[in-house]
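Sequential numbering from 14 applies to the sequence shown in my numbering.
Don't be surprised by glycine CBs; every beta carbon is placed ideally from N, CA and C.
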Amino acid sequence: MLRLLRKRGMSAERAGAFASLWLWNPMVATMSTRGSAEGLLGVLTVALLWAVEGECFVLAGGLLGLGVHFKIYPFIWAPAILWWMDRENLGRSRTGRAACAAYDDAGGIFARVMGFVSWERIKFVVVSLGTFMGLNVLMYWIYGMPFIQHTFSHHMTRLDHRHNFSPYNTLLYLRSAANDPPSPSLMMPRIEALAFVPQLLLSCVVIPLVLAKKDLATSMMAQTFAFVTFNKVCTSQYFLWYMVFLPLYLPSSSLLRNPPVGLSALVLWLASQSAWLHQGYQLEFLGQSTFFPGLWMSSLVFFVVNCWILGIVIGDGAREHIQEARPVKRQLVENESVKESTCR
């Protein structure tokens, strides 16, 4: 984390202050001590970003494969990383970039497609898929079908309505009642099964296309924020998935440059959570049925607040000023031959 921040031109003191938002965060410590492995996943996340920005693509592929095996959701970063790995971000010389651009323009669509299939991207994809599949085969050999069920199949049928901030929590609660035992009066369309459509469209397609080439860290944060916000199951530990990017996003964000906006976002995020937790306390500890309208309305308010914050993050990443916080590129050799640049 500190290396990534120093690479962005920060002083040691300022980098340490922003890194402490994750390293000394009591929420991270609390989640880690209760048995969740989000702290370890945070290490893999930061290491992955460091490896990609350092152009260590074999290492980055291995870390992504391990991360997806560890928790499925890091796969959403693959499109952003692949889209980020263009000629400019990989540090080609200006002469080489101009020659490649001229070749692409002359060759049309086919040349552009072939230009996208670079050696760096091939290495990254092969290593990440190989690592992921190798670990899965090993775990299946050790544990058999229970590994497949609890690792993959479970997510297709899970009905976690407890401690779930998602607006789908009430639907999941009703679904669980309809399934045990089956009741015709409670049968309803599986609307919650469509939750993955906006979730994956935003996190895997729209946000990477808009943000990845401008600032990879901000893109990864926005993708993760969208994935968690639109997921049909949203618990407190999921918040750590995007909080690990805060030290990299906040320095140039409008949340700090415009304190009223930042303070409003923080207060609304905490207040909407507190409103939900109040309803959850009445349900769990006082035995009051607060599923509707209290718990569901609180979930909707929290969802709207998160969508507003997501819009701020995407807006920050889409602005040109974010480029000031991008990693300092290595010094380019201006006399590099066109042939060497195009063959890289």
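Exposed unless 16 or more other CB atoms sit within 10 angstroms - verdict on T43:
exposed
For F258, three-class secondary structure by DSSP
coil
Please confirm if the stretch 55 to 72 is in contact with the stretch 273 to 289, defined as three or more CB-CB distances below 8 Å between the two stretches.
no
How should L299 be labelled, buried or exposed, when 16 other C-beta atoms within 10 angstroms of its C-beta is the threshold for buried?
exposed
Can you give me the Cβ contacts of V314 inside the same chain, cut-off strictly under 6 Å, excluding the 5 residues immediately before and after it?
S285
Helix, strand or coil for V318 per DSSP?
helix
Give me the Cβ distance between W96 and K226, rounded to the nearest whole Å; I'm assuming they're in contact under 8 Å.
6 Å
Please report the distance separating the alpha-carbon of V295 from that of T248.
Sequence check: residue 295 is Gln here, not Val. About 18 Å.
Please name the residue in N149, H176, P264 and F178 whose C-alpha comes closest to that of T164.
N149
What number of angstroms, rounded off, separates the C-alpha of T183 from the C-alpha of A208?
14 Å
Selected residue, minimal CA-CA separation from Y181, among P221, F305 and K20:
F305
I220 to E297, Cα distance in whole Å?
37 Å
For the alpha helix (DSSP H) containing Y294, list its first residue and its last residue.
P272 to E297
What do you get for A73, buried or exposed, if any count of 16 or more other CB atoms within 10 angstroms of its CB means buried?
buried
With respect to the alpha helix (DSSP H) encompassing P159, which residues constitute its N-terminal and C-terminal limits?
M158 to I161
Our contact map puts G80 next to T58 with C-beta atoms below 8 Å; I'd like the distance itself, whole angstroms only.
7 Å
Supposed close pair V257, W90 - CB separation, criterion 8 Å:
The Cβ separation is near 12 Å, so there is no contact.
Roughly how many whole angstroms lie between the Cα atoms of R134 and T144?
15 Å
Check whether G78 and S131 have beta carbons under 8 Å apart:
no
Buried or exposed: where does P264 fall if 16 or more other Cβ atoms within 10 Å of its Cβ makes it buried?
buried
Quick check on DSSP: helix, strand or coil for F252?
helix
Going by alpha carbons, who is nearest to S266 out of Q212, W289, Y156 and G328?
G328
Boundaries (first-last residue) of the alpha helix (DSSP H) holding E26
A25 to L36
Outcome for P87 when other beta-carbon atoms lying within 10 angstroms are tallied against a minimum of 16
buried
Helix, strand or coil for H176 per DSSP?
coil
Rounding to the nearest angstrom, what Cα-Cα distance links A230 and I204 in this structure?
33 Å
Please classify R16 as buried or exposed, where buried requires at least 16 other C-beta atoms within 10 Å of its C-beta.
exposed
In its own chain, which residues sit with a C-beta less than 7 Å from the C-beta of V317, not counting the 5 before and 5 after it?
none
What separation, rounded to the nearest whole angstrom, lies between the Cα atoms of F178 and K136?
39 Å
Given that a residue counts as buried once 16 or more other Cβ atoms are within 10 Å of its Cβ, and exposed if not, what is F129?
exposed
Where S302 falls: helix, strand or coil (DSSP):
coil
Would you kindly work out how many angstroms separate the C-alpha atoms of L18 and G55, rounded to a whole number?
16 Å
Assumed close pair F238, L323 - CB separation to whole angstroms, cut-off 8 Å:
5 Å
If you drop the 5 nearest sequence neighbours on each side, which residues of the same chain put their C-beta closer than 6 Å to that of H82?
F145 and L148
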